[in-house]
Amino acid sequence: MRQSMFQRASLRLTGLYLLIIMSISLIFSLGLYQLASREIEQGIRRPNSFAQIIRLNNLEGLQDFLTGQDKAIKDAKRDIRISLGFINLFIFVSGGLLSYYLARRSLRPIEEAHESQSRFTSDASHELRTPIAAMRLENEISLTDSKLTLKDAKKQLESNIEELDKLTSLTEGLLKLSRLENEDLVKAKADLREIIENAIARNKKDISRKKQTVIRKLKSQEIHTNEEALTNVIATLVNNASKYSPTGSEISIKVSLSKSSYLVDVKDRGVGINPLDEDKIFDRFYRADQSRTKNKVGGYGIGLSIAKKSIEALSGKITVKSTVDKGSTFTVCVPKY
Ligand code: ADP
């Protein structure tokens, strides 16, 4: 359906391009033909000036001479028409192919954007449908349970609220992702150290619940960036470092300088990431094998994809180095200016 929509649009655009090319070619050919005809007529008749005509001393000879001239003009014009016909045929064929190529090229970015939009919508609806269906099933079971006590009902409501909170954060994440695709991030002066401290503060509850320690190697550094976006990115990395590491472990955050960028390393001593998953974890909704984690860790697999999109919007990049069962280091590289 979508394929045929873009196919039809390509053909329509090809037709339009071809119409423009052929109109120009035909107008040009017509002009050329008229100019050439005039030149031929003048060229054939001019040398036969009076002197030649006078040399022809009888009327019959003059008649033959003029008929010969007319025939020569007619033949020359016919030759031009044939040549122009071939040239236009060549332009029609090559112009048609070129038009189709140009039409496909012009439509490709629109087609890709459309494709990614529909993939996004279908992924998002799938992710939203699964927890909603599970919640509905739980509620139905509770409703048909004749022995349901007030305590059970309250427990059920609590679990519903928990699920709803997760769904809210998922929809917020989806909204953020779609905004990042359509909006530019405004940059201003900010302090990198403050940004990192704020990102850690956002995860204070989880970190202290797991009795983890955050080791910082930071200095005040002025940076030109979008403060909110960069804070979100580092907060996501700190959150993951805490989520995927055992109780009591250490998380270290270090800032270093390269020639034109600041590098922020967020290092944990957690479960690590399988090398096969390292590229995929930045994809939307991708979650690496959770069987390695003792307690099933909650999440929807969109944190890192938002982080990657945000960093790219800030002209930086995000990379990961990891060893299974030893830990991971995520590095955010942001330009100084
Ligand atoms: P979520 O954490 O909600 O699943 P993310 O997009 O933040 O989503 O992460 C994607 C996946 O990458 C996670 O499911 C996890 O498998 C893996 N991952 C991310 N950070 C770490 C980390 N610090 N240690 C181990 N695995 C990680």
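So the sequence shown is residues 1 to 337, counted in the working numbering.
Think of the CB as a built atom: it goes at the ideal place given N, C-alpha and C, for glycine as much as any other residue.
| Asked | Found |
| --- | --- |
| Reduced DSSP secondary structure (H/G/I, E/B, other) of Pro335 | strand |
| Counted within 10 angstroms of its Cβ, other Cβ atoms place Glu127 as buried (16 or more) or exposed | buried |
| Cβ-based neighbour list, Leu371, same chain, cut-off 6 Å, excluding 5 preceding and 5 following | This structure cannot speak to residue 371, because the chain is shown only from 1 to 337. |
| Own chain partners of Leu230 with C-beta closer than 6 Å, once the 5 adjacent residues on each side are dropped | Ile195 |
| Per-residue burial, Lys308 [other beta carbons within 10 Å of its own, 16 or more giving buried] | buried |
| Thr323, buried or exposed, once every other Cβ within 10 Å from all chains shown has been counted against 16 | exposed |
| Lys243: CB within 7 Å of a non-hydrogen atom of the ligand ADP | yes |
| Identity of the residues DSSP links to Ile91 by a beta bridge | Bridge partners of Ile91: none, in fact. |
| Straight-line gap, Lys151 to Glu138 (C-alpha atoms, nearest Å) | 15 Å |
| beta-carbon Thr236 near the ligand ADP non-hydrogen atom, thresh 7 Å | yes |
| Leu237 burial status per 10 Å Cβ neighbour count (16 or more: buried) | buried |
| 8 Å Cβ shell around Leu26 - same chain, five flanking residues per side excluded | Asn88 |
| Cα-Cα separation, Leu314 to Val297 | 30 Å |
| C-alpha distance - Asp75 paired with Ser29, whole-angstrom precision | 18 Å |
| Proximity test, Arg287 beta-carbon vs the ligand ADP heavy atom, cut-off 7 Å | yes |
| Any non-hydrogen atom of the ligand ADP within 7 Å of Asp325 CB | no |
| Cβ-Cβ distance between Ser249 and Gly270 below 8 Å | yes |
| 6 Å Cβ shell around Lys326 - same chain, five flanking residues per side excluded | Gly272 |
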